[in-house]
Each structure stands twice: as C-alpha cells, then as structure tokens.
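Colleague: Let me give you the structure first, and then I'll get to my questions.
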Amino acid sequence: MKRVGLLGGSFNPAHGGHRQISLAAARALNLDEVWWLVSPGNPLKPREGMAPLAARLGSAIAMARRARIVPTAIERELGTRYTVDTLRKLRRRYPRHRFIWLMGSDNLAQFHRWRDWRGIARAMPIAVIARPGYDGPAAASPAAAWLGRYRRSAASLNNRAGWSAPALIPLRFDPDPRSATALRRADPDWASRFSGQALRDPLTHHPVDPDTA
11 MKRVGLLGGS FNPAHGGHRQ ISLAAARALN LDEVWWLVSP GNPLKPREGM APLAARLGSA
71 IAMARRARIV PTAIERELGT RYTVDTLRKL RRRYPRHRFI WLMGSDNLAQ FHRWRDWRGI
131 ARAMPIAVIA RPGYDGPAAA SPAAAWLGRY RRSAASLNNR AGWSAPALIP LRFDPDPRSA
191 TALRRADPDW ASRFSGQALR DPLTHHPVDP DTA
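Here the sequence shown stands for residues 11 to 223, numbered as in my numbering.
Written as structure tokens, this is what we have:
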C-alpha cells in the first residue's frame, strides 16, 4: 500500500516552508508521497486577497518540482468544501492507500472549529507539526485535550496497527519563518505569473481551466 501524507491549505502562494515541512514529514513518517490539497475555498479564511485556484495550484506545482510532493485541486473535482468530506471521498477513491493528515500546531489550536473534527480524527492518523509560537495555544485547545489519549510516536506507523485512528503523532523540525502572508506582501502580483497557464492536475491528470477562480 502507498503511504501518503495529506497537507491541506490555500497555498496562496505555495512556498519553501510548505516544501520543507512536507519533505521532513515524509522522512519522519516514511511516506511515499505528500499530496498538497489546494483548497478551492477555506471556510475559515476570508475570500479577500485569495488568488484564483488555478494560480495557487500553479504555484504549488512549481514549488513541488523534483520532490515526492503531488499538488492537486481534487477537492473541486470531488465537490467537497469541508475536510471531513474530502477525506471520506479520498479513502473511497483510493482504497489501497494509507493516508495520514498533516497539519501545523497553529491549526490544532483551532481544530475544534472545523466541521466534524472528531470525524476527521477517526478517519485517519493526524501528524501535528510544531510551529513557533503555537505550542501553548495548541496544547490548551479542546482538540488537543481529546486527542491526547491517542498520542503515538512516528515509529508506530511501521506496523499496520499503527495506522488505526484516532492517532496523534507530534512532529518537531527546525522552524521555518517563511509565510504566505509575508510573500504576498513582498510580491503582491505573484499570481499574475501563473495566470493563463494551461494546467493539468498532477494527481488526476485532468486539465484545470486557467481561469478557475
């Protein structure tokens, strides 16, 4: 079975920090690939300042070159808006894959606000990557309190039973200060470099309309 990490996000734009934590997680968890789920729209993020999906996917494809990273806009194809629905459909579509959800500790701090977050936790193991400044809020969150009883090490994934869920696997790497917010501030016209490009989704191999919003 292929071992796949799932990293969801806006990727507005994708940057070297995304790449670094994905490759570090792949090494730590012995993953075959990491899929970047480029979200059509994050319900917890404002639409203002959000580049078109095609531009964000284009930036992800460029950043993922020559790495075990597969950017995809499959959520638009699946017709899902919430992570819990996406994960259920991915598991049905790829029954011979073992999936683990990857997220930063900043997301763990607000995980209890996600639609059916316990359903996400029951769908597959979750690896939480520490981010500077979020250890306290993450540890104090309702989701961390609930998931704490299911804490495991990365080595647990070496056994088939280790892929049962719920499971919380903490990961800590050298911090990376890069952020999409800082990149947008430094290069507000970044999305124009990806406009009008003919794209093919690296996972589904289906064409993506360059005008997709």
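Quick reminder that beta carbons are idealized off the backbone N, C-alpha and C, glycines included.
Could you tell me how far apart the beta carbons of residue 211 and residue 84 are, in whole angstroms, since I believe they sit closer than 8 Å?
Modeller: Yes, they are in contact, since the Cβ atoms of residue 211 and residue 84 sit about 7 Å apart, within 8 Å.
Colleague: Report the partner residues of residue 217 according to the DSSP bridge assignment.
Modeller: Looking at the DSSP assignment, residue 217 forms a beta bridge with 210.
Colleague: According to DSSP, residue 107 sits in a beta bridge with which residue or residues?
Modeller: DSSP lists 12 as partners of residue 107.
Colleague: For residue 191, does the three-state DSSP call read helix, strand or coil?
Modeller: Three-state DSSP puts residue 191 in a helix.
Colleague: Going by the CB atoms, is the gap between residue 116 and residue 135 shorter than 9 Å?
Modeller: Taking 9 Å as the Cβ cut-off, residue 135 and residue 116 do not qualify as a contacting pair.
Colleague: Residue range of the alpha helix (DSSP H) that residue 135 falls in?
Modeller: It is not in any alpha helix (DSSP H) - residue 135 carries neither H nor E in the DSSP assignment.
Colleague: In terms of DSSP beta bridges, what is residue 161 paired with?
Modeller: 178.
Colleague: In three-state terms, what does DSSP make of residue 90?
Modeller: The answer is coil: DSSP assigns residue 90 none of H, G, I, E or B.
Colleague: Could you check the C-alpha separation between residue 11 and residue 143 for me, to the nearest Å?
Modeller: Cα to Cα, residue 11 sits roughly 36 Å from residue 143.
Colleague: Rounding to the nearest angstrom, what Cα-Cα distance links residue 121 and residue 157 in this structure?
Modeller: So the alpha carbons of these two residues sit roughly 11 Å apart.
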